Ligand SMILES: C[S@@+](CC[C@H](N)C(=O)[O-])C[C@H]1O[C@@H](n2cnc3c(N)ncnc32)[C@H](O)[C@@H]1O
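Here it is, written out as structure tokens:
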């Protein structure tokens, strides 16, 4: 029988209070690291990790049940380049993750909080975009997708007022999936219900020093 506790201990990082992770130590190598926030059942995460063994993937997911689902699916024979953390991600995530460390951040179908009075719970807000900027390496990118038109508009609006991110798409989003996209169970389900995804991608741009005359 598979030794689950050993396997889980290999993949799961339990951050220590007051200590910022050293990614090189956690993965045991210095490969580039991509971050996924809200990994759900981990199809995107594991699919990507198998496609790109030369990249390390760090997953942050709030729900323990989903973390367990991901851990069960991971196979040490195939998946050396994945680590997971159970975490409610918000602007405090920089207390755990090192800044200027990620080439890519994926946020695939974040909870849309569709009711007006719940909109403020959406993970994308100006403070969180500041955090994304801090976490990304120079020229790093954040890719976000949602099947919720109002949330897509919200995300585009939040990024469009920033001078420190540049959209890959002229209209802010695309209805065509990027060539390397992987469909999740959740995305398939929403598509079948008549809610196709919108894809967004924003590149970190260095902040210009303030001009003084
Ligand atoms: C709508 S599901 C999408 C899951 C997956 N990305 C997919 O496309 O199938 C959103 C996921 O984000 C997780 N989540 C929501 N808010 C979060 C937060 N603040 N920090 C970490 N995970 C979060 C939820 O537990 C859930 O698994």
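In my numbering, the protein residues as written are 1 to 213.
Note that beta-carbon positions come from the ideal geometry of N, C-alpha and C, so glycine has one too.
Quantities reported herein were computed from a predicted structural model and do not represent experimental measurements.
Under 6 Å from any heavy atom of ligand 1, does the C-beta of residue 184 make it? The answer is yes for residue 184.
Local conformation of residue 213 per DSSP, three classes: Unreliable placement is indicated for residue 213, whose pLDDT of 47 sits below 50; no coordinate value is reported for it.
Rounded to whole angstroms, what is the Cα-Cα separation between residue 175 and residue 35? Spanning the two alpha carbons is a distance of roughly 23 Å.
If you count every other CB in all the chains shown that lies within 10 Å of the CB of residue 147, and 16 or more means buried, which is it? The residue in question, residue 147, is buried, as its Cβ has 16 or more Cβ neighbours within 10 Å.
Among 150, 193 and 61, which one has its Cα closest to the Cα of residue 106? The option with the nearest alpha carbon to residue 106 is 61.
Distance cut-off 6 Å: residue 42 Cβ against heavy atoms of ligand 1: Residue 42: no, Cβ never under 6 Å from ligand 1.
What does residue 86 pair with, by DSSP beta-bridge criteria? Partner(s): 61.
Leaving out the 5 sequence neighbours to the left and right, which residues in its chain are closer than 7 Å to residue 166 when beta-carbon positions are compared? Answer for residue 166: 202, 203 and 205, listed in chain order.
Give me, in chain order, the residues of the same chain whose beta-carbon lies closer than 8 Å to that of residue 207; leave out the 5 immediate sequence neighbours on both sides. Closer than 8 Å at the Cβ level, and outside the excluded window around residue 207, lie 163 and 164.
Three or more beta-carbon pairs under 8 Å between the region 108-125 and the region 183-190, yes or no? With the cut-off at 8 Å, the region 108-125 and the region 183-190 touch.
For residue 194, which option in 149, 153 and 158 has the closest C-alpha, if you only look at C-alpha atoms? Proximity to residue 194 across 149, 153 and 158 peaks at 149, based on C-alpha coordinates.
Buried or exposed for residue 161, please, with buried defined as at least 16 other CB atoms from any protein chain shown within 10 angstroms of its CB. Under the 10 Å beta carbon count, residue 161 is surrounded by fewer than 16 other beta carbons and is classified as exposed.
Enumerate in chain order the residues of its own chain whose CB-to-CB distance from residue 168 is below 6 Å, with the five nearest sequence positions on each side excluded. Excluding its 5 nearest sequence neighbours in each direction, residue 168 has C-beta neighbours in its own chain below 6 Å: 201, listed in chain order.
Proximity winner among 4, 18 and 57, relative to residue 27 (alpha-carbon distances): When only C-alpha atoms are compared, the closest one is 57.
Which first and last residues belong to the alpha helix (DSSP H) in which residue 106 is found? Counted as a single uninterrupted DSSP element, the stretch harbouring residue 106 is not any alpha helix (DSSP H) but the beta strand (DSSP E) occupying residues 102-108.
Going straight from the alpha carbon of residue 65 to that of residue 40, what length do you get? Rounded to whole angstroms, residue 65 to residue 40 spans 9 Å at the Cα level.
Please state if the CB of residue 152 and the CB of residue 198 are separated by a distance shorter than 7 Å. Contact flag set, yes.
Quick one: what's got a C-beta closer than 6 Å to residue 76's C-beta in the same chain, skipping five residues either side? Cβ neighbours of residue 76 beyond the five flanking positions: none.
Check the C-beta distance from residue 123 over to residue 84 and give it rounded, since I have them as a contact under 8 Å. Not quite, the Cβ-Cβ distance comes to about 18 Å (not below 8 Å), so this is no contact.
One or two residues paired with residue 4 in a DSSP bridge: In the DSSP output, where bridge partners are listed per residue, residue 4 has none listed.
In chain order, which beta strand (DSSP E) runs of at least 3 residues are fully inside the region 99-160? The region 99-160 contains these whole beta strand (DSSP E) runs: 102-108 and 136-146.
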